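A quick write-up on the structure given underneath.
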Amino acid sequence: MPATPTSTSAAALPVEFRGVGRAFPTAAGARPVLRDVDLVVEAGEILAILGPSGCGKSTLLRIAGGLDRPTSGRVTIAGSPVADYDARSAIGFQEPRLLPWRTVAQNVALGLPRGTTRAAGRAHVARLLELVGLAEFAEHRPREISGGMAQRTSLARALARSPHVLLLDEPFGALDALTRLRMQDLLLEIHAAEPTTVLLVTHDVDEALQLADRIVVLGTQPSADASADGPAAEDATPGAGIRQTVVVPGTRPRDRGSAELAELRGRLLDGLGIDRHGAARGIQSTSTIPAFPY
Amino acid sequence: MTADASRGDALTSTDPGTGRAGAEDGRAGVTSVDRQSNAPVADGGLAVAAAGPFGVSGIDRREASDPRTASTGGAGPTGPSAGAPRRRLVDRRWFRVAGGALLPLVLLVAWQLASTSGAVPVSMLPSPEMVWTAGVDLAERGLLGLYIAISTQRVFVGFAVGAALGLVVGAVVGLSKLGDILLSPTLGAIRAVPSLAWVPLLILWLKIGEESKVVLIAIGAFFPVYTIVAAALRHVDRQLLEAGRAFGLRGVRLLSVVQLPAAVPSVVSALRLALAQSWLFLVAAELIASSMGLGFLLVDSGNNGRIDRIFLAIILLAVLGKLTDAVVGLFERWAVRKWA
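Same order as they appear, the protein sequences are chains A and B.
The numbers in UniProt numbering rise by one with no breaks, and the one at position 40 of the first sequence is 40.
The numbers in UniProt numbering rise by one with no breaks, and the one at position 147 of the second sequence is 147.
In structure tokens:
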């Protein structure tokens with residue numbers, strides 16, 4: 001559901017991956033991480049990228065932001081190729097990566113686009129700090145605030161760029177469970193206020209279900225033996241691709257306890273090679289998503 | 001619970017079971033305890049608030065992550081853990097000062113005893129009084145002030161030149177791969193030359209003037225700054241650099257916004273090291289060829305057998321070096337607080 005931009009922020013732009021592959025050179029030759037990724041992210045969509053660790057989720061995101069280059073294929077934002085450190089996208093890293101000698105407000109101001117006037121920049125930073133609930137901590141240093149606050153600062157810094165595409169690399173992965181839930185709600189609020197295309201890398205199935213319009217599961221292709229589990233089998237296969245694309249039903253904010261999502265969750269975990277444990281006890285699981293009221 | 005709970009120490013004995021009552025009694029005590037134990041007592045108050053009418057109010061209080069709001073809440077301890085841990089003796093300022101002065105005082109007393117008891121001949125170990133008299137004598141002739149001034153000037157000029165060059169060359173080597181490849185092997189070799197080996201060459205080239213001494217001190221100050229600055233700039237956190245680049249910083253702006261500030265604490269400690277090194281090189285410079293300064297005083301007194309003046313010069317070098325180091329140390333603490 002491409003949302004229409006209502007605020008001062010830049011319009012959301014679509015992102016397109018065409019046959020993207022990435023191999024890293026090692027002593028033993030090139031080691032492919034990604035292979036033949038074809039993906040179209042609609043403007044204004046929240047797309048979650050799920051996958052086991054080391055499958056190239058972050059690499060895909062970094063390629064989309066111009067922090068890394070694909071070895072094959074190409075990535076475009078609104079039809080034009082992604083430049084190095086592309087100015088149309090902003091990235092929220094897994095770690096806050098704040099400059100410790102700057103205040104929270106100054107760190108957020110780092111994200112402002114070049115050429116922003118001082119007054120406009122200050123007003124924008126103040127508004128963003130208000131949005132992420134850190135207005136009263138504007139003059140604090142990063143070491144004086146909690147991890148969740150630092151991550152919110154990092155998010156505000158990415159938003160300060162008024163990005164057409166917001167790239168989030170497991171932004172809440174290092175936070176405690178409750179803070180993570182609050183941050184997810186915050187992200188949805190922000191997306192409602194400033195609609196932008198969001199690519200969210202996560203390893204948390206629930207997070208993906210809660211936030212995303214669509215979920216892409218990245219993994220090695222189930223070619224030779226689909227039941228392969230363990231890293232040994234992963235190493236043998238040449239790079240990860242898209243294994244599954246799931247459209248998450250319903251509209252946000254979603255009920256975290258919904259049975260529909262629980263079923264979808266089970267399927268996604270299954271796709272990630274996690275046993276649902278129901279089958280082990282002989283409990284039949286339905287393969288269709290039950291419709292309300294179940 | 002009795003009224004004896006008016007001191008921070010006594011509060012530790014409060015029974016957790018009667019924690020609520022203890023809070024009432026303790027409230028008077030909290031106002032009387034000093035600032036140092038204020039925060040822990042406030043923590044105790046927090047614990048009461050959470051444990052008393054447990055549920056919503058306690059949780060709300062926890063969520064208010066601002067410690068100031070917690071301290072305005074109920075005051076008073078619960079349980080044995082709520083006692084105010086006092087600031088340890090070794091963390092107190094007066095103890096640091098007194099502790100640092102202890103060994104010099106002991107040495108002074110031992111020196112006095114050894115020299116006046118006749119255990120060591122005065123020609124080998126003059127008494128503290130003799131050294132003091134020698135200092136007063138030199139001061140009265142206007143020489144002591146002159147020597148200190150000229151030596152300090154040489155140190156500061158040489159240090160300024162050497163440190164500035166060290167910053168520039170260190171930045172080139174630390175930031176540019178090419179600079180590293182071209183310069184660092186040569187500079188590494190030059191650094192290996194002992195300080196005294198420069199002296200004959202500098203005297204031939206620059207004659208026995210101020211220049212030769214200042215250049216030698218500059219060489220001494222250059223290398224610590226160069227080495228540390230180059231390493232600090234080379235090892236700026238890659239994640240911060242990438243974040244800076246991802247937000248559109250490059251070239252000079254990346255340098256001024258991310259790389260230089262990240263290196264500031266290292267630069268300051270490099271300057272501190274360089275200043276200490278400058279004092280070491282000062283004596284090397286003045287030992288060989290000079291007519292003024294503390295190094296000259298050392299040589300001259302050695303030739304004349306004035307052991308009291310040798311002691312004086314050594315003590316002055318120690319005190320001056322320590323004083324300048326302390327000043328830079330204050331600056332370093334400020335810089336670390338501001339930039340790290």
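Using N, Cα and C, we set each Cβ at its ideal position, and we do this for glycine too.
Values in this document were obtained by computation on a predicted structure and should not be read as measured data.
| Query | Result |
| --- | --- |
| Nearest-angstrom Cα distance between L183 of chain B and V199 of chain B? | 24 Å |
| By the DSSP assignment, the alpha helix (DSSP H) with E242 of chain B in it spans what residues? | 238 to 246 |
| With a threshold of 8 Å between beta carbons, is E242 of chain B in contact with chain A? | yes |
| Tell me whether A160 of chain A is buried or exposed, calling it buried when 16 or more other Cβ atoms sit within 10 Å of its Cβ. | buried |
| When the cut-off is 8 Å and only beta carbons count, does G65 of chain A lie next to chain B? | yes |
| In three-state terms, what does DSSP make of D308 of chain B? | helix |
| Residues of the stretch 104 to 122 of chain A in Cβ contact with chain B at a cutoff of 9 Å, in chain order, please. | L110, G111, L112, P113, R114 |
| What residue does the beta strand (DSSP E) around F95 of chain B start on, and which one ends it? | Looking at the DSSP string, F95 of chain B is not in any beta strand (DSSP E); the run it does join, the alpha helix (DSSP H), is 93 to 116. |
| Given F296 of chain B, which residues of its chain have a CB within under 6 Å of its CB, disregarding the five upstream and five downstream residues? | E286, S290 |
| Does E139 of chain A come out as helix, strand or coil in the three-state DSSP assignment? | coil |
| Shorter than 8 Å from the beta carbon of F331 of chain B to some beta carbon of chain A? | no |
| Please name the residues in the stretch 125 to 146 of chain A whose beta-carbon is closer than 7 Å to at least one beta-carbon of chain B, in chain order. | S146 |
| Which residues does DSSP pair with I215 of chain A in a beta bridge? | A:A48, A:V246 |
| Where does S162 of chain A fall in DSSP's three states? | coil |
| Just to confirm the assignment, what range does the alpha helix (DSSP H) spanning L61 of chain A have? | 57 to 65 |
| Taking only three categories from DSSP, how would you classify A43 of chain A? | coil |
| At a cut of 8 Å, does the stretch 175 to 183 of chain A reach the stretch 191 to 200 of chain A through at least three beta carbon pairs? | no |
| Look up D180 of chain B in the DSSP assignment and say whether it is helix, strand or coil. | helix |
| Note down, one range per segment and in chain order, each alpha helix (DSSP H) of at least 4 residues found wholly within the stretch 111 to 158 of chain B. | 128 to 140 |
| Strictly below 9 Å CB to CB, what residues from chain A border R245 of chain B? | L67, D84, Y85 |
| Check F172 of chain A in the structure and name its three-state DSSP category. | coil |
| Beta-carbon of Q112 of chain B versus every beta-carbon of chain A: anything under 8 Å? | no |
| With DSSP collapsed to three states, give me the class of R118 of chain A. | helix |
| Going by beta-carbon coordinates alone, are I242 of chain A and V37 of chain A separated by less than 8 Å? | yes |
| For the stretch 89 to 105 of chain A, which residues have a beta carbon sitting closer than 7 Å to at least one beta carbon of chain B? | I91, F93, E95, R97, L99, P100, W101 |
| In the structure shown, what three-state DSSP assignment does T251 of chain A receive? | coil |
| Can you list, in chain order, the stretches of the alpha helix (DSSP H) that have 4 or more residues and sit fully within the stretch 191 to 223 of chain B? | 195 to 206 |
| Can you pull the chain B residues whose beta carbon is under 9 Å from the beta carbon of R161 of chain A, in chain order? | F247, G248 |
| I want to verify the contact list: residues of chain A whose CB lies under 8 Å from the CB of A340 of chain B, in sequence order. | P100, W101 |
| Along chain E, in chain order, which residues have C-beta atoms closer than 9 Å to that of Q239 of chain B? | Absent from the structure: chain E. Protein chains present are A and B. |
| Is D169 of chain A buried or exposed, if buried means 16 or more other CB atoms sit within 10 Å of its CB? | buried |
| Ordered along the chain, which non-local residues of its own chain (more than five positions away) have a Cβ less than 7 Å from that of P126 of chain B? | S115, I307, D308, F311 |
| CB-CB under 6 Å to A284 of chain B, same chain, minus the five flanking residues each way: which ones, in chain order? | S195, L196 |
| Between which residues of its own chain and F222 of chain B is the CB-CB distance below 6 Å, once the five residues before and five after are set aside? | G162, L165, G166 |
| Let me know if P185 of chain B comes out buried or exposed under the rule of 16 or more other beta-carbons within 10 Å of its beta-carbon. | exposed |
| Taking only beta-carbon atoms, is P261 of chain B less than 8 Å away from chain A? | yes |
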